[in-house]
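Here's the structure we're looking at; comments come further down.
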Amino acid sequence: CQSCTVDRHHEHPLHRIKHWKDSFFHDVTLKSLRLRIQLGHPTQERCYNPAACQDFIVLHVNGIHEVSLDFCRCETAQSPTTQLLRIRWFPATVLEPKTAATFKLLRHFHILSFESKVSAFEYWQTLKRRTHNRGVVIVKVR
Numbered sequence: 002c003q004s005c006t007v008d009r010h011h012e013h014p015l016h017r018i019k020h021w022k023d024s025f026f027h028d029v030t031l032k033s034l035r036l037r038i039q040l041g042h043p044t045q046e047r048c049y050n051p052a053a054c055q056d057f058i059v060l061h062v063n064g065i066h067e068v069s070l071d072f073c074r075c076e077t078a079q080s081p082t083t084q085l086l087r088i089r090w091f092p093a094t095v096l097e098p099k100t101a102a103t104f105k106l107l108r109h110f111h112i113l114s115f116e117s118k119v120s121a122f123e124y125w126q127t128l129k130r131r132t133h134n135r136g137v138v139i140v141k142v143r
């Protein structure tokens, strides 16, 4: 069920989910199942002063993910950049980040670029294919 899936994926928000419907599996995002990633607090602990970000983009080795996340704005909260770094997501910018790459993806690209001379463009094309191999879904570019 939807709530069980969301509960099981709080600690793994970048998993790919498939839903059985019409005699085959359909891709379903955890965002569409209403998973929200809370930063600045332990997993599943509620923040009483969140700053919502509905269309945050995360680049990971298994593709490009659009997620909903909440930055903590409590009195003792750290900057959004620091909150992202603590979960091992490297923000694309330090001012109001809306895109991040996982450390795992950065390490993967680093090794591939040394060993097989993969360019950043080729790696991006691979991530797009890992996300939607049909080539009909347009991925947001910021």
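Numbering-wise (my numbering), the sequence shown opens with residue 2 and increments by one.
Note that beta-carbon positions come from the ideal geometry of N, C-alpha and C, so glycine has one too.
Values in this document were obtained by computation on a predicted structure and should not be read as measured data.
Cut-off 8 Å between Cβ atoms - residues of its own chain near residue i, not counting five sequence neighbours on either side
| i | result |
| --- | --- |
| Glu97 | Pro81 |
| Val29 | Ile18, Lys19 and His20 |
| Arg85 | Arg is not the amino acid found at residue 85; the sequence shown has Leu there. Within the same chain, Leu85 has close Cβ partners Leu40, Phe91, Pro92, Pro98 and Ala101. |
Environment of residue i [buried if 16+ CB atoms lie within 10 Å]
| i | result |
| --- | --- |
| Ile112 | exposed |
| Val68 | buried |
| His61 | buried |
| Trp145 | In the structure as shown, the chain starts at 2 and stops at 143, and residue 145 therefore has no counterpart that could be examined. |
| Phe55 | A small correction: the amino acid at residue 55 is Gln; Phe does not occupy that position in the sequence shown. With fewer than 16 other Cβ atoms within 10 Å, it is exposed. |
| Ala101 | buried |
| His66 | buried |
| Phe122 | exposed |
| Pro14 | buried |
CB-CB length for residue i against residue j, believed under 8 Å
| i | j | result |
| --- | --- | --- |
| Phe115 | Tyr124 | About 13 Å; that fails the 8 Å criterion. |
| Phe72 | Ala52 | 4 Å |
| Thr103 | Val59 | 7 Å |
| Lys32 | Phe26 | Actually they do not touch by this definition, with Cβ atoms about 18 Å apart. |
| Gly64 | Arg131 | 4 Å |
Boundaries of the alpha helix (DSSP H) in which residue i is found, first to last residue
| i | result |
| --- | --- |
| Gln84 | Pro81 to Arg87 |
Beta strand (DSSP E) segment containing residue i, residue limits
| i | result |
| --- | --- |
| Gly64 | Gly64 to Cys73 |
| Leu60 | Pro51 to His61 |
| Lys19 | Ile18 to Lys22 |
| Gln45 | No beta strand (DSSP E) holds Gln45; DSSP gives it neither H nor E. |
| Arg37 | Arg37 to Gln39 |
| Pro92 | Trp90 to Pro92 |
Test: residue i CB closer than 8 Å to a CB of chain B
| i | result |
| --- | --- |
| Cys75 | The structure shown has no chain B; it contains just one protein chain. |
Same chain, Cβ closer than 7 Å to residue i, five either side skipped, listed in chain order
| i | result |
| --- | --- |
| His70 | Checking the displayed sequence, the identity of residue 70 turns out to be Leu instead of His. Taken in chain order, the residues that qualify are Arg37, Ile38, Leu40, Cys54 and Phe57. |
Neighbourhood of residue i by C-beta, 6 Å cutoff - its chain only, sequence neighbours within 5 removed
| i | result |
| --- | --- |
| Asn50 | Arg74 and Cys75 |
Q) Mind pulling the alpha helix (DSSP H) runs of 4 or more residues that sit fully within the region 94 to 143? A) Considered as a whole, the region 94 to 143 harbours 104 to 116 and 121 to 132 as its complete alpha helix (DSSP H) runs of no fewer than 4 residues, in chain order.
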